[in-house]
Each structure stands twice: as structure tokens, then as C-alpha cells.
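Counting from 1, one number per residue, gives the positions in the sequence shown under full-length UniProt numbering. Glycine residues also receive a C-beta, built at the ideal position from the N, C-alpha and C atoms.
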Amino acid sequence: MHSEGSILLIKHAAEIVTSTGTTARKGTGMNRLERITDGALLAKDGMIEWVGTTADLPEISHENLTIIDATGCSVIPGFVDSHTHFVFGGYRPEEFFWRLSGTPYLEILERGGGILNTVKATQSMGYEAMVETASRRLDDMLAMGVTTVEGKSGYGLDFDTELMQLKAMGNLNTDHAVEVVPTFMGAHAVPPEYRGREDDYVTFIVESLLPAVAEQSIAEFCDVFCEKGVFSVDQTRKILQAAGGLGLKRKIHADEIVSFGGAELAAELGAVSADHLLQASDKGIADMAARGVVATVLPITAFCLREKYARARWIIDNGGALALATDYNPGSCFSHSIPMLIALAAIQLTLSPAEILTALTLNGAAAVGRADRIGTLEPGKQADIVILKYPSYSFLSYHAGMDIVDRVIKKGQVVVDKRYSNLGGNK
């Protein structure tokens with residue numbers, strides 16, 4: 001990604017704005033940001049070495065030096081989209097409109113819609129096509145300032161396709177500028193052949209799939225859709241305990257449709273994050289805050305489903321660590337729009353600009369177990385940086401729903417520069 005001895009210098013930024021630290025910020029701490037006016041940043045070999053004012057810049061050798069004049073621009077950490085399902089086959093547009101016209105989910109399933117539609121399309125996809133389509137999606141995410149993304153399997157629900165999804169993510173992590181964090185989610189739904197024998201499918205995951213995933217080192221996390229009619233609290237516990245025993249970190253799709261005890265289970269098991277949380281109980285949220293489980297909320301999904309939003313404001317006000325993510329997937333949320341996510345967070349979730357930035361950077365990094373090396377702009381962290389085309393990061397919310405990312409830097413290299421992308425524009 002970076003050439004040896006390469007130095008990046010950003011100077012004269014209108015502001016450099018960042019959270020700090022190597023753990024998720026909780027409660028009122030989410031509002032505390034460092035802001036340096038006329039800011040400068042120095043990175044060497046992809047790592048940040050120094051941050052301060054332009055006036056205080058240390059002496060720099062001029063070999064292999066890239067200088068960026070960020071006059072009039074706000075400089076912030078790269079975004080971390082900590083919950084997506086970006087590796088999949090096929091699309092489900094009809095279903096979007098069926099849902100909007102009030103068709104119940106069970107009827108959508110009967111019409112051949114729902115997650116099993118995507119499972120079929122993903123199972124019939126070749127490996128190369130899987131990598132290529134997912135890579136194009138990463139291009140689009142990168143252009144919106146996402147420098148790290150979590151991706152889940154769970155559209156295979158069989159041995160070969162689950163492993164293929166995870167291998168595709170590993171391939172992309174090596175070849176693409178966006179860093180990919182792979183999560184095994186074989187427990188995303190019960191495949192048709194196991195209907196009525198759900199415990200047998202749990203056994204298949206625990207005894208066959210998880211050991212193969214661990215042996216091949218192709219996932220960092222294990223996630224389970226803990227929900228009424230999908231996987232029970234006991235089944236979820238069994239899968240996640242087995243995953244933990246094999247060295248995988250834990251996540252839970254929790255309390256999305258009904259209050260089901262998923263948040264409480266996440267706290268009990270010390271999960272890294274619990275996600276969705278639309279129906280999470282007060283106790284579940286309190287337990288998560290006490291155990292340091294990151295609460296990841298996905299407002300674009302609620303928006304697309306016309307559901308009430310997760311209680312993000314309540315989570316923060318009660319001492320929780322909140323992350324924001326897109327939940328990009330072909331069914332309930334066919335969007336990875338960071339501008340839309342930020343607009344919903346500001347307008348519907350009533351989060352402050354500082355809370356939104358923290359949720360999408362440091363806390364997103366914590367939700368994927370990377371807060372020690374990404375998510376903030378400070379010495380010792382990776383130089384994953386977004387330069388905005390406005391002088392204040394508050395424009396992320398204020399310029400509602402608009403993409404204001406000007407340049408994206410990954411590990412000290414400029415990987416997106418929109419100033420030169422206009423057709424017919426002069427360089």
C-alpha cells in the first residue's frame with residue numbers, strides 16, 4: 001500500500017478534528033474531540049508520526065515527500081463502516097416495493113423473496129464474480145470516505161459458500177485499498193433443508209463450519225442473528241461460546257424485531273458489539289454499557305423498513321458506547337451511503353456532530369477490534385484520513401445527505417482525489 005520511506009505531509013488544514021485513544025468513547029466522552037486550527041499532520045510509511053499546528057511543524061527531509069495543502073478543508077479520520085453484508089449475489093428490488101406497499105414478510109418469503117433469495121443467488125455465483133462485484137462496491141464505499149469495512153458471510157448457509165464468502169473478503173483485504181474485517185455469520189438464517197430441525201443446523205455450525213473457519217483463519221468475528229423465529233438466545237449462546245473457544249471474537253444481531261434478550265446476552269458473553277438494538281430493553285442497554293459492549297445502530301435500515309429508530313440518544317445518555325454503521329445488504333438496506341447515515345443520525349437520532357464523528361471513527365474501529373490502530377488521527381495510528389471540501393466537519397451533517405469527501409488517504413497514500421475526476425475538467 002505504501003512505498004518504503006514515503007512521507008506524507010498535510011498542512012494548513014482549516015481544522016484537524018479527531019477523537020483520541022484506543023478504546024471506544026462512552027456517554028459524554030463521545031462529545032469530546034481534539035480540534036487543531038491551521039493543522040498539520042506528518043505520516044511516514046503509512047503511520048502517523050506527528051500532529052499539530054502548521055507553525056509547529058518539525059523539520060522534514062524532502063526525499064519521497066508528498067505535500068498536501070489542505071487550506072479551507074477539514075481533516076478527519078477515515079470512516080469505519082462496522083456492519084455490512086457487502087459480499088452477495090443477486091438483487092431484490094421487487095421486494096423493496098412489496099414491503100413499502102405493506103406486504104407482510106411471510107408473504108414476501110412465499111413469493112420467493114427474503115434472505116433465501118439472496119442465498120440462492122450467492123450459492124450459484126463463481127468465486128471470481130463474487131470478488132469482482134464486491135470490489136466494485138468497495139470502490140464506492142472508499143469514495144465516500146470509508147477506509148475500513150466489516151463484511152459478514154451468511155448468504156451461503158452451506159459449507160462451501162460460507163467459506164468462499166470469507167475467502168473473497170480475505171482476497172479483497174489484500175488487494176483493495178479498503179481494509180476488510182471478515183465476520184463469519186453462518187447463523188444468519190436457517191436453510192430450507194433444516195426447517196423444523198434448527199438445532200441440527202446449530203450443531204452443523206458448531207461442529208463443521210466453525211472449526212473450518214478457525215482452522216483456515218478466514219474470520220475474526222462470529223455473528224448470530226439472535227431473533228424470534230431465527231436463532232434463540234440458547235442457540236446463539238451455544239454458537240458464540242463455541243466461536244470464542246476457537247479464538248473468534250463475538251458479535252450479535254440483537255433485538256431488531258422484538259425485545260428478545262440479545263443485548264443482555266451480548267453483555268453476558270462480553271461480545272465486542274451488539275447491533276440493530278431497535279427493541280433492546282433498558283436492562284440490556286445498561287448491561288452492555290457496564291461490560292463495554294459497543295452498541296452499533298443502523299438507522300438506514302430502520303428508514304428503509306419504516307421502523308422506529310434504535311434509541312441512540314438514550315444509549316449515549318446512559319453511558320453507552322455508540323457506533324453508527326450502514327448495514328449495507330441486498331434486502332432490508334440496499335444502501336451504503338455515509339451521507340445518508342450521517343443525516344439520519346443528526347436529524348432522526350438527534351446526535352451532535354461530535355457524537356456522529358466519534359461513532360463513525362473511533363467507536364466504529366472499536367466495534368471491529370481495531371481501535372488500537374485506526375479511528376483517530378494521532379501518532380502511532382495508521383494514516384487513514386479523509387479531507388473534506390468544507391472548513392468544518394459540521395458540514396457532514398449540515399450539508400444534509402450530500403457527499404462532501406474531497407480526498408481519501410489510506411495508510412499514507414492518496415487513494416481518492418475527487419478534484420481531478422470531473423470529465424473535461426482541467427488538472
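Between the segment 56-66 and the segment 316-328, the count of Cβ pairs shorter than 8 Å is below three; the stretches do not touch.
Taking all protein chains in view, the Cβ of TYR155 is crowded by 16 or more other Cβ atoms within 10 Å, so the residue is classified as buried.
Secondary structure at CYS304: helix, using DSSP grouped into helix, strand and coil.
Residue environment for PHE221: buried (at least 16 other C-beta atoms within 10 angstroms of its C-beta). A distance of 9 Å or more separates the beta carbons of VAL258 and ALA24. In this structure, the straight-line span from the alpha carbon of GLN241 to that of LEU42 is close to 43 Å. Contact annotation: ASN31 and SER397 have beta-carbon atoms that are not nearer than 9 Å.
Sequence-distant Cβ neighbours of ILE108 in its own chain, meaning closer than 8 Å and more than five residues away, are GLU95, TRP98, ARG99 and GLY114.
Close CB contacts of THR301 within its chain, under the 7 Å cut and outside five residues either way in sequence, are with ASP327, SER332 and CYS333 (chain order). Contact between the segment 341-359 and the segment 115-130 is not established, with fewer than three Cβ pairs separated by less than 8 Å.
Beta-bridge pairing by DSSP links GLN382 to MET47. In the structure shown, ASP140 adopts helical secondary structure according to DSSP, grouped into three states. For the pair VAL416 and VAL405, the CB atoms are nearer than the 9 Å cut-off. For HIS188 and CYS226, the gap between their C-alpha atoms comes out near 9 Å. Here DSSP, grouped into helix, strand and coil, assigns PRO391 to coil.
Using a C-beta cut-off of 8 Å, the segment 361-373 makes contact with the segment 10-23, since at least three inter-stretch Cβ pairs fall below that distance.
Sequence-distant Cβ neighbours of PHE231 in its own chain, meaning closer than 7 Å and more than five residues away, are ALA187, VAL224 and PHE225.
Per DSSP, reduced to three states, the secondary structure at GLU110 is helical. Counting C-beta pairs closer than 8 Å gives fewer than three between the segment 336-351 and the segment 382-389, which falls short of the contact rule. Short of 6 Å from the beta carbon of ILE387, and not among the five residues preceding or following it, lie these beta carbons of its own chain, in chain order: ALA70, CYS73, VAL75, ASP406 and ARG407. The residues ALA187, PHE231, GLN235, LYS238 and ILE239, in chain order, have a CB closer than 8 Å to that of VAL202 in the same chain once the five nearest residues on each side in sequence are set aside. The Cβ-Cβ distance between MET130 and ALA168 falls below 9 Å. Per the C-alpha coordinates, the member of MET141, GLY78, LYS11 and ASP81 positioned closest to VAL51 is LYS11. Of the candidates LYS283, GLY270 and ILE16, the residue whose Cα lies closest to the Cα of PHE260 is LYS283.
Residue ranges of uninterrupted alpha helix (DSSP H) with 4 or more members, entirely inside the segment 184-272 and ordered along the chain, are 198-204, 210-216, 233-245 and 262-269. Rounded to whole angstroms, the Cβ separation of HIS276 and ALA310 is 7 Å, and the two are in contact under 8 Å.
Your pair ASP139 and GLY364 does not check out as a contact, with CB atoms roughly 20 Å apart and the cut at 8 Å. Less than 9 Å separates the beta-carbon of LYS418 from that of ALA143.
Pairing GLU128 with ALA134, the inter-Cα distance amounts to about 10 Å. In terms of Cα proximity to LYS26, the closest of LEU344, ALA289 and GLN348 is ALA289. Take the alpha-carbon of ASP199 and the one of GLU207: they are about 12 Å apart. Here the C-alpha atom of PRO211 lies approximately 14 Å from the C-alpha atom of THR183. ASP81: not part of any alpha helix (DSSP H); member of the beta strand (DSSP E) spanning 79-81, first to last residue. Within its own chain, the residues whose Cβ lies closer than 8 Å to the Cβ of PRO391, once the five positions on either side in sequence are excluded, are ALA14, GLU15, GLY72, CYS73 and SER74, listed in chain order. In the assembly as shown, ARG35 is an exposed residue. Its beta-carbon has fewer than 16 other beta-carbons within 10 Å. Rounded to whole angstroms, the gap between the alpha carbons of GLU193 and ALA271 is 30 Å.
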